[in-house]
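Protein chains: 2
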Amino acid sequence: MSSRVTIADVARVAGVHAGTVSRALNQKTENQVNHETLARVRQAAKQLGYAPNSIARGLRTNSSMTIGVIIPDLTNPIFPPIVRGIDSRLAVRGYSAVVVNTDGSDDAERLLFESLVQRQVDGLIFATGHSGHSIAGEAFDRDIKAVMVNRDSGGVPYPAVVGDDAEGIKASLRHLAALGHRRVMHLEGPPSFSTSRIRAEAFVSGCAELGLDGHVVPCAAYSVEAGQSAMDDVLDSKVTARPTAVVAGNDLLALGVYHSLRLHALTCPGDVSVVGFNDMPFAGDFQPAMTTVRTPHFEMGAESARLLLEQIDGSQLSALKITLPVELVIRESTGPAR
Amino acid sequence: MSSRVTIADVARVAGVHAGTVSRALNQKTENQVNHETLARVRQAAKQLGYAPNSIARGLRTNSSMTIGVIIPDLTNPIFPPIVRGIDSRLAVRGYSAVVVNTDGSDDAERLLFESLVQRQVDGLIFATGHSGHSIAGEAFDRDIKAVMVNRDSGGVPYPAVVGDDAEGIKASLRHLAALGHRRVMHLEGPPSFSTSRIRAEAFVSGCAELGLDGHVVPCAAYSVEAGQSAMDDVLDSKVTARPTAVVAGNDLLALGVYHSLRLHALTCPGDVSVVGFNDMPFAGDFQPAMTTVRTPHFEMGAESARLLLEQIDGSQLSALKITLPVELVIRESTGPAR
DNA sequence: CCTAGAACTGCAATCGATTGCGGCGTTTCA
DNA sequence: TGAAACGCCGCAATCGATTGCAGTTCTAGG
Chain A
13 MSSRVTIADV ARVAGVHAGT VSRALNQKTE NQVNHETLAR VRQAAKQLGY APNSIARGLR
73 TNSSMTIGVI IPDLTNPIFP PIVRGIDSRL AVRGYSAVVV NTDGSDDAER LLFESLVQRQ
133 VDGLIFATGH SGHSIAGEAF DRDIKAVMVN RDSGGVPYPA VVGDDAEGIK ASLRHLAALG
193 HRRVMHLEGP PSFSTSRIRA EAFVSGCAEL GLDGHVVPCA AYSVEAGQSA MDDVLDSKVT
253 ARPTAVVAGN DLLALGVYHS LRLHALTCPG DVSVVGFNDM PFAGDFQPAM TTVRTPHFEM
313 GAESARLLLE QIDGSQLSAL KITLPVELVI RESTGPAR
Chain B
13 MSSRVTIADV ARVAGVHAGT VSRALNQKTE NQVNHETLAR VRQAAKQLGY APNSIARGLR
73 TNSSMTIGVI IPDLTNPIFP PIVRGIDSRL AVRGYSAVVV NTDGSDDAER LLFESLVQRQ
133 VDGLIFATGH SGHSIAGEAF DRDIKAVMVN RDSGGVPYPA VVGDDAEGIK ASLRHLAALG
193 HRRVMHLEGP PSFSTSRIRA EAFVSGCAEL GLDGHVVPCA AYSVEAGQSA MDDVLDSKVT
253 ARPTAVVAGN DLLALGVYHS LRLHALTCPG DVSVVGFNDM PFAGDFQPAM TTVRTPHFEM
313 GAESARLLLE QIDGSQLSAL KITLPVELVI RESTGPAR
């Protein structure tokens, strides 16, 4: 399909050898060819509508100009901005991204990883939080270039790009404390995600610093359902006192809290204040508009791509870990404690 | 990087010729090799951890097992489900998708199209509504296999997968009419999108059928800002009477209407009822929960991938146009007319 | 006028797999 | 018993580009 015209056709029309055409059409080698010849080759190439077959080139140069991006689920709203950030850096260098979804399955991750490697991707970006049986260690052993984004490296010596989660949580806590909240709760994401642990720890230490009565409740997943289920349990429980504020592990969990509160005929922020995490798209349009921690997803993606390209270029890595600043966005889901 | 073991290595270990290894490791040709040899080759391959270099294979077989997906913007929430639908069908056949974003720019679309073709993609899925200077016609002339999704083919003889937009609009209108609305308005998306025109036409004919006083207002883009701006103009206008219900071209425009209403101290659905289109993720969590037309994005993606694979397989196309049913989801943004 | 060196460009190997062709040994059937 | 048929596998060309090497021409310096 398509691309019928090859370098040999151009060579024939220009009256030169294929090797010369190759040199003429490559930035790095075009100074090796005579000016007139170069013009003739270019003219012939344009006339024939020649476009190099990147598969053939890849075979010879051992590179595919392709980057694999492994994420849990594209429909999780934090990932599209990350992917676009990655793409923004990749595109200007002529690279393309192949995005695959694991749906949280380790088996799927392994399979997709293998398929990506088979495809000769020039590098990998891991955006799966899973630090359990992560494939990253194996990738490193196989000399595969990669970076982590939105998760720490989990002991594997790959560079990582993360948001300042701890600071985000602490800012949330300070905000709540200023509103007079004392009994606060954290909905923690699955412990297999490095971000979950970091946020939970920041919550605990933040509460200690501010003198708050903090309580951590684990959730089975980063999903609306898991958040609602966890909050339901809390509200139905007779033993634990109802918190006046909830710091959710992410916006999805916070949304689950919204649902649970509505089901229990409680208001937000009247009865319970809620803070999310990520500032996912349209978080300001929820009911109520969600107070949440904005993380720079696009930039995280862009930075991760930059670090990966540095590896590929073989240049010295400019950083092993990049922590990007976050910002608490105060909207309507937080209010004074009753 | 990686994949150091080649077919020649396997051949050496198994004591056979490379060609035999190739035949042994391919489904279609494995019956051409003796059972014992086959076992020996497989054993050697596993022992060495052999994985075929798909670049090399692609060069010879003239296929990359890659599909290009051209969309306007991944962060528009309707696209992730479409992409995942595409991927769900592609993955089981060993294909991968390369997704690129045009951001609505025709120039970008052309550039990305060329880069995809250069990458020797085996087919293309166009999800850009733009029917203006669409590249599709040229793609067809170049014998490139492709399908359209979420847009009609605009005269180019490619198969298309769309939602039943007209029915969605009419169902909205019936719902509003039943609530007693008479003066209704449609916020039309940019006319360069085929979906815009179809929805606007359905609105007009639907109003006629139901005896409603319908009015169409064009928007500059499918965005929250464009929707708000258009609605602002309507509400600020002294000449046009305020409609009691708005049928927005999509959920983003509807969200813009929400913003405009709030700015003008009007309530929804109290003062104005609003219906969106697409049922984007979390539409039910907006303020108020949005009544909208659910379109089966995942299925649309899956169907488009199926049609593309049919083309690639060279089999008879099972359909030239697939229209998937939509469903009106009634939530809280629509109420009785005052 | 001669020669070293530079500037170009052709030659051919190479990347790693696939595949048409043909050879060899064995089976089958007349 | 002979020949056709078949099963299996090796040989080598091929996909389309890149690139080290070497040859040719040209320039410049002595």
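Taken in sequence, the protein lines are chains A and B.
Okay, so the first sequence: first residue is 13 according to my numbering, each after it adds one.
Okay, so the second sequence: first residue is 13 according to my numbering, each after it adds one.
We put the CB at the ideal spot given by N, CA and C, even for glycine.
By the Cβ rule, the region 153 to 165 of chain B counts as touching the region 126 to 144 of chain B, because three or more pairs are nearer than 8 Å. Assignment of A/L336 by DSSP, reduced to helix, strand and coil, places it in the strand class. For B/T49, the enclosing alpha helix (DSSP H) stretches over residues H47 to L60. Between B/R343 and B/G296, the CB-CB gap stays under 9 Å. Looking at the DSSP output, A/G135 bridges to A/I79. With a 10 Å radius around the Cβ and a threshold of 16 neighbouring Cβ atoms, B/P169 comes out exposed. Under the DSSP assignment, A/D99 falls outside any beta strand (DSSP E), being part of the alpha helix (DSSP H) whose first and last residues are F91 to A103. Residue-level contact by beta carbon fails for A/R306 and chain B, as no gap is shorter than 9 Å. Note that the region 249 to 264 of chain A does not touch the region 142 to 158 of chain A; fewer than 3 beta-carbon pairs, one per stretch, sit closer than 8 Å. At a cut-off of 9 Å between beta-carbon atoms, A/Y270 makes contact with chain B. Check the Cα spacing between B/R154 and each of B/V174, B/E322, B/L265 and B/E126: the tightest is with B/E126. Nearest to A/D176 by alpha-carbon distance, out of A/L191, A/H198 and A/S206, is A/S206. The way I'd put it, the region 69 to 85 of chain B does touch the region 106 to 115 of chain B; three or more beta-carbon pairs between them come closer than 8 Å. B/E126 belongs to the set of residues whose beta carbon lies under 9 Å from a beta carbon in chain A. Between A/S272 and A/P300, the C-beta spacing is not below 9 Å. Contact check for B/A63 and A/Q130: beta-carbon distance about 5 Å, within the 8 Å limit, so the pair qualifies. For B/L50, no chain A residue has a C-beta closer than 9 Å to its own C-beta; the minimum C-beta separation is roughly 21 Å.
In this structure B/D291 is in contact with B/V305, their Cβ atoms being roughly 7 Å apart against a cut-off of 8 Å. Chain A places a beta carbon closer than 9 Å to that of B/N113, counting this residue as a contact. In chain A, no part has a C-beta under 7 Å from the C-beta of B/S34; the shortest such distance is about 15 Å.
Closer than 9 Å to the CB of B/R96 there is at least one CB belonging to chain A.
Around the beta carbon of A/A183, 16 or more other beta carbons sit within 10 angstroms, so the residue counts as buried. Among the CB atoms of chain A, one or more fall inside 9 Å of the CB of B/I67. When rounded, the separation of the alpha-carbon atoms in A/L332 and B/D118 is 38 Å. Residue burial annotation: A/G27 is exposed, with fewer than 16 other C-beta atoms found within 10 angstroms of its C-beta. DSSP places A/S206 in the helix class (H, G or I) of the three-state scheme. In the structure shown, B/E200 falls within a strand segment according to DSSP collapsed to helix, strand and coil.
Of all alpha-carbon atoms in B/S327, B/S34 and B/P93, the one lying nearest the alpha-carbon of B/R72 is that of B/S34.
Contact between A/I324 and A/K58 does not hold, since their C-beta atoms are separated by about 30 Å, which reaches or exceeds 8 Å.
By the CB criterion at 9 Å, A/G261 and A/A220 fall outside the cutoff. In the pairwise beta carbon analysis, the region 98 to 109 of chain A is classified as touching the region 311 to 330 of chain A: at least three pairs are separated by under 8 Å.
Pairing B/M160 with B/V173, the inter-Cα distance amounts to about 6 Å.
With contacts defined as CB atoms closer than 9 Å, B/V17 and B/G70 fail to qualify as a contacting pair. According to the DSSP assignment, A/M292 belongs to no alpha helix (DSSP H), since it is labelled neither H nor E. According to DSSP, A/T303 shares a beta bridge with A/V287. Proximity of A/V110 to chain B, defined by a Cβ-Cβ separation below 9 Å, is satisfied.
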